[in-house]
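Heads up: the structure comes next, in C-alpha cells.
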Amino acid sequence: MSFDERAKTWDTPRRFERASRIAKELRNEWEGMLPVENALEFGCGTGLITFALEDSAEQFYGYDISQPMLDIYTEKAKHLADTSPRKTSYQAISDLLQAPPLDLLFLSLVLHHLPSPQGFFKQVSPLLKPGGKITVVDILSGGDFFHSDTETTVYYQGFSPEDLEEAAKKEGLKLSSFRNALDEVKVNEDGKECHYSLFVATLTKPKFS
Ligand SMILES: C[S@@+](CC[C@H](N)C(=O)[O-])C[C@H]1O[C@@H](n2cnc3c(N)ncnc32)[C@H](O)[C@@H]1O
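0 is the number of the first residue of the sequence shown in numbering that gives the first Met the number 0; add one for each residue after it.
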C-alpha cells in the first residue's frame, strides 16, 4: 500500500508509542536550544512525532509528499487549537518554500525512502538559518531488513555514520553527532522477527560561509 492509502490507518498504538520514544530522544538531542522559533518535520506523515514534541518550537511546519497524510496533520492541529489553546502553532505545507528560515529541520524514518542523502541535504540546507540543524532518525546499517512492502519505495536498508558524514560534507554541513538511540523489533509481513536499531544524527550548517 502507498503512503497515501495508509494515511487513515497510520496512527496505531505501536506507532504512537514509538513516536513518543523518538520525540524524547529528539528533545535530548536538542537540549539547551529549546524552544526554538521555527522547526520543520520533513516527511511528517500524520504528525505523530511533531505533536509529541509539544512546546519545543514556537511554530512547527509539517511537510510531506502525501496530501492525505497532511490532511490528517491539519485535522489534529485544528483539534489541538480548539481543545487546548497553547503557545505552539502547527502548519501543514505541501511546498517547502512556504517555510521561513528554520532553526531545526528533522525527519524520522524518511531518509531511506529518498533517492540520495546528498540530494536531500542539498535541497534542505538553504532552508536553514546560519547555525541551523538537521536531525535525522533512521535505520542503522547492519540490522535485519524489515521492509517487505513493495509499494513504498525503499532506496536504502540503513546508513552508517560515514554515509551521512560524506553526504553532509559535500553540501557544506558538519556531522555534529551520531548515536545509536533505539533498539527495535518488528515482525514483518512474512512473520519474521526483525531486529534493527535507529540512530539519531545531527548535521549543522556553519554560522558563517
Ligand atoms: C515511514 S513514513 C514516516 C512518517 C513519520 N515521520 C512518522 O515517523 O510517523 C515516511 C513518510 O515520508 C513521506 N515521504 C516519502 N517520500 C517523501 C518525499 N520525497 N518528500 C516528502 N515526504 C516524503 C511519506 O509520505 C510518509 O509520510
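Ideal Cβ positions, reconstructed from N, Cα and C, are used throughout, including at glycine.
R178 carries a strand assignment under DSSP once its states are collapsed to helix, strand and coil.
F41 has Y62 as its beta-bridge partners, per DSSP. DSSP places A200 in no alpha helix (DSSP H) but in the uninterrupted beta strand (DSSP E) bounded by E192 to T203. Distance from the CA atom of L181 to the CA atom of E165, rounded to whole angstroms, is 23 angstroms. DSSP places Y89 within a strand segment (E or B) once states are collapsed to three. Rounded to whole angstroms, the Cβ separation of F41 and V109 is 6 angstroms, and the two are in contact under 8 angstroms. The beta carbon of V123 sits no closer than 6 angstroms to any heavy atom of ligand 1. Note on geometry: alpha-carbon atoms of K169 and N187 lie some 35 angstroms from one another.
Proximity of the beta carbon of I64 to ligand 1 is indicated: a heavy atom of the ligand is located closer than 6 angstroms.
For E165, the three-state secondary structure derived from DSSP is helix.
Scanning its chain for C-beta atoms nearer than 7 angstroms, with the 5 sequence neighbours on each side dropped, one finds around P99 the residues N37, in chain order. Closest in C-alpha terms to G130, from the list I138, T152 and L103, comes L103. Set against 6 angstroms, the gap from the CB of S107 to the closest heavy atom of ligand 1 is smaller.
Around the beta-carbon of S65, 16 or more other beta-carbon atoms lie within 10 Å, marking it buried. Residue burial is scored here from C-beta neighbours: F145 has at least 16 other C-beta atoms within 10 angstroms and is therefore classed as buried. Per DSSP, T8 lies in no alpha helix (DSSP H) and is assigned neither H nor E.
When the beta-carbon positions are compared, I138 and L202 stay at least 7 angstroms from each other.
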